[in-house]
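Here is the structure we will look at, set down as structure tokens.
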Amino acid sequence: MRIANKSTSAVSLIKASLEKIEKHKDKNIFTFINAEPALKKAEEIDKKIKKGEPVGRLAGVPYALKDNFLSKEGETTASARILTGLESPIDATCVEKLEAEGAIMVGRTNLDAFAHGSSTENSYFGPTKNAFDSERVAGGSSGGSAVAVALDCVEFATGTDTGGSIRQPASFNGVFGIKPTYGTISRYGVVAMASSTDVLGFFAKSAADLDLLMEIASGHDEKDMTSLPDFYGSADVELGKKKIGFVKEFVESPALAPELKTALEEKLSLAKSKGYEIIELTLPALEYALAAYYIIQPAEVASNLSRYDGIRYAYRTKTLKSPKISSADKSSEKTALENLFLNTRSEGFMRENKRRIMIGNFVLSSGFYDAYFLKAAKARTLIIQEFEKAFKSVDAILSPVAPNPAFKLGEKVNDPVSMYLEDVMSVPVNLAGLPAVAFPAGSTTSEKTPHLPLGLQLIGPRRSDKNLLKLVEELV
Ligand code: GLN
């Protein structure tokens, strides 16, 4: 990470970043650019350096903030119309910590609205394009953040990962991304998606940079009751068995692109040449992970999104008339207040948000709760237990992040099930609250030009985040 010091000024770092942002405008990476305040902060840092005053570990480093992190700079929209105009009175805890170390936010990045998606096509502001091929998706939901790092617009970017939203876009754009152990970084001040699997993390150009960011951002926070006691860098789980596993069910999956299978095999032989024993694991409960995730997560979404009513936040409808469902249906007549809720939510949410709210309310409704939500919760427990068992015999598990490299824009966006299938290899990690690091593992070599990045993930037991990053360094 390039940090401002006597030979590199903060102003020059920020200017270079703003130039890159301008250069890659057509990729639709940013929802907001913070040019003037960023330059002002850089000047302050340069003054301090000149006077010999101490500066933070991220002095003058330009970074991008996924637009679901609250900060006082710019609107926080989560790329959803219903939050347009939202000016936050607070900074997320994570933002406070980064800024305290001198990092400078140069812009907010595009995402699938409310982080629902795997391609950034569900954004109110239109899709972000892949760093390597503008006809392909950036991945999602943190597509903007991944592309911002891949194209050197910033040194690092923040992300959230509820079911793969850091790892999958990282792998589609050839950068590193960490999805920490659940509870490692405070979620305070970040727009909630599914509270039991949401985690904050980062995109960067190396595992060492991710480690520094984790040192800074992790830690217990009284404002987030689910944040863990401090452990990062002090009470880390050791990975000393010299054994790496791979999941038989993933490797044998017909959905897995042959190039990714080869990339995985190559990394496993690299690990072997470094003295690791390679173990085949069977984790049969993973078969239920995707179904369980797409029950549990919409249930939590339906609850978390119920607060957006047109009264408390930002966007409000202009029409208080009842929407015309059917002219003969008199029961659709509503009060003005009901219409305000209804029309605000109809106009303010994207299709995908509405789909999840409907699924979520369905699986929680009486009569269906036992058949869906309770079963999914049980499957989740099985998945947790299988991982726990696996980590008795291996240090970490190497796996693809997604079954394929970046797909074409428009290819899956109108087919929700095929979009959800993208997440089959990433969601088990979230259901079990485990840490995982996505890292680049070569690129496609077929006739397709330009070549597309391939990404893998290394999954570890809870609280092994720091050692997992070290292990990744051995594999790149
Ligand atoms: N693609 C997954 C989903 O749509 C994960 C999203 C995320 O991690 N925010 O739910």
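According to the working numbering, the sequence shown is numbered sequentially starting from 1.
Yeah, the Cβ is synthetic: ideal placement off N, Cα and C, and Gly gets one too.
The structure presented is a predicted model; accordingly, all values stated were derived computationally and were not measured.
Asked	Found
Between the Cα of residue 413 and the Cα atoms of 229, 122, 252 and 333, which residue gives the shortest distance?	122
According to DSSP, is residue 69 helix, strand or coil?	strand
Looking at the ligand GLN, does it come within less than 7 Å of residue 105, judged from the CB to the closest heavy atom?	no
When the distance is taken between beta carbons, is residue 281 closer than 8 Å to residue 245?	yes
Tell me the residue span of the alpha helix (DSSP H) that contains residue 167.	167-173
So residue 245 is in the beta strand (DSSP E); what residue range does that whole segment cover?	243-247
Between the Cα of residue 454 and the Cα atoms of 460, 462, 442 and 465, which residue gives the shortest distance?	442
The beta strand (DSSP E) spanning residue 157 covers which residue range?	156-160
One question on the structure: do residue 13 and residue 60 come within less than 8 Å of each other, judged by their Cβ atoms?	yes
In terms of residues, what are the limits of the alpha helix (DSSP H) holding residue 453?	Residue 453 -> not in any alpha helix (DSSP H); beta strand (DSSP E) instead, spanning 453-459.
Since residue 103 contacts residue 63 with CB under 8 Å, what's their CB separation in whole angstroms?	5 Å
By Cβ distance below 7 Å, which residues in the same chain neighbour residue 149 in space, the five residues on each side in sequence not counted?	156, 157, 175, 203, 204 and 205
Any chance the region 122-138 sits against the region 23-32, with 3 or more Cβ pairs inside 8 Å?	yes
Please state the DSSP three-state secondary structure of residue 280.	strand
Take residue 198 and list the residues in its own chain whose beta-carbon comes closer than 7 Å to its own, dropping the five residues that flank it on each side.	160, 162, 187 and 192
Exposed or buried, what is residue 220 when buried is set at 16 or more other beta-carbons lying within 10 Å of its beta-carbon?	exposed
Which ranges does the beta strand (DSSP E) cover as unbroken runs of at least 3 residues, wholly within the region 68-109, from first to last along the chain?	104-109
From residue 42 to residue 185, what does the alpha carbon distance come to, in whole angstroms?	26 Å
May I ask you to report which of helix, strand or coil DSSP gives residue 413?	coil
Could you compute how far the alpha carbon of residue 463 sits from the alpha carbon of residue 319?	50 Å
Taking the alpha-carbon of residue 284 as reference, which of 384, 172, 395 and 269 has the nearest alpha-carbon?	384
Pairing CB atoms from the region 347-355 with CB atoms from the region 251-260, are three or more of them under 8 Å?	no
Is the region 355-371 in contact with the region 300-313, if contact means three or more CB pairs nearer than 8 Å?	yes
Taking 7 Å as the cut-off, is the CB of residue 174 close to at least one heavy atom of the ligand GLN?	no
For residue 107, tell me which candidate among 115, 132 and 154 has the shortest Cα-Cα distance.	154
Is residue 35 helix, strand or coil by DSSP?	helix
When DSSP labels each residue in this structure, what does residue 442 get in the three-state scheme?	strand
Between residue 116 and the ligand GLN, is the CB less than 7 Å from at least one heavy atom?	yes
Compute the Euclidean distance between the alpha carbons of residue 415 and residue 355, then round it to the nearest angstrom.	12 Å
Mind checking whether the beta-carbon of residue 360 lies closer than 7 Å to any heavy atom of the ligand GLN?	no
By DSSP, does residue 311 sit in helix, in strand, or in coil?	coil
With respect to the beta strand (DSSP E) encompassing residue 29, which residues constitute its N-terminal and C-terminal limits?	No beta strand (DSSP E) contains residue 29, which DSSP labels as neither H nor E.
Which class does residue 64 belong to by DSSP, given the choice of helix, strand or coil?	strand
If we call anything under 8 Å between Cβ atoms a contact, is residue 375 one with residue 217?	no
Run the proximity test for residue 219: is its beta-carbon closer than 7 Å to any non-hydrogen atom belonging to the ligand GLN?	no
Where does residue 264 fall in DSSP's three states?	helix
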